[in-house]
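Below is one structure, written out as structure tokens, with a few remarks after it.
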Amino acid sequence: MDLLIKRNPESVSEYEVDGLPSGIWVKDDLVYININFYDYEKKEYTKDSKLLILDIKDKENPKFLNSYKIPSSSWSIYVLGNYVYISSFKQDRETEKYNESILQIVDIGELSDLKISGSCDIPGGAWEMDSIGGFIYISSLSGGIYIIDVTDNDRPVIVDSLKTSGNSYDITIKG
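Positions 1 to 175 (UniProt numbering) are the ones given, in order, by the sequence shown.
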């Protein structure tokens, strides 16, 4: 997308993906796309998703670099340094409660050899993220915010949380 003339953006190119993009992050000449898969017969998301990485140096011809299977449905994506942070959750269809949420950290230091660096279970429904000072802040669909120390990406740990009334869909940290 060419946004030089903001009132009249123009499509520069397209790249077809095999699922439903739920998050996109652009950093330098790379685009990171979080892709979910939906089972239309069961009317639910599958338990798998995928991180897709494209080279967009040539804006008219994006090129596939790599992909990595994420072992759960994932929703939000945040790129910081050589790591991609991905949040995921599951909603129980009967109780409508959120559970099995997780922050997964993918090491992208070597783009040809992607791997999970670490993960951290998150109570409730992990959703959007922001980061500052070695911490990832995750909004919770169950209400509130979780603060995760990621100074050691192999061993992320929840260090604090804040409960709010209602659902928390997004988060932006300023400071």
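Glycine included, each C-beta is placed from N, C-alpha and C at the ideal position.
- Around the beta carbon of Glu110, a 10 Å sphere encloses fewer than 16 other beta carbons of the protein chains shown; the residue is thus reported as exposed.
- Your pair Pro71 and Asp107 does not check out as a contact, with CB atoms roughly 15 Å apart and the cut at 8 Å.
- Pairing Lys59 with Val12 gives a Cβ-Cβ distance under 7 Å.
- Annotation note: the stretch 53-129 contains the following uninterrupted beta strand (DSSP E) runs of length 3 or greater, listed N- to C-terminal: 63-70, 76-80, 83-91, 98-107, 115-122.
- Counting along the chain, the unbroken beta strand (DSSP E) around Gly23 starts and ends at 20-27.
- The beta carbon of Asp121 sits closer than 6 Å to the beta carbons of Ile102 from its chain, once the five residues preceding and following it are set aside; these are given in chain order.
- Beta-bridge analysis with DSSP links Tyr146 to Ile138, Ser161.
- In the DSSP assignment, Val31 falls within the unbroken beta strand (DSSP E) covering 30-39.
- Exclusion of the five residues before and after Ser67 leaves Lys50, Leu52 as the residues of its chain whose Cβ lies within less than 6 Å of its Cβ.
- Annotated three-state conformation of Asp48 is strand, per DSSP.
- With a threshold of 16 other beta carbon atoms within 10 Å, Leu20 falls short and is exposed.
- If you check the CB distance, Ser22 and Asn8 do not come in under 7 Å.
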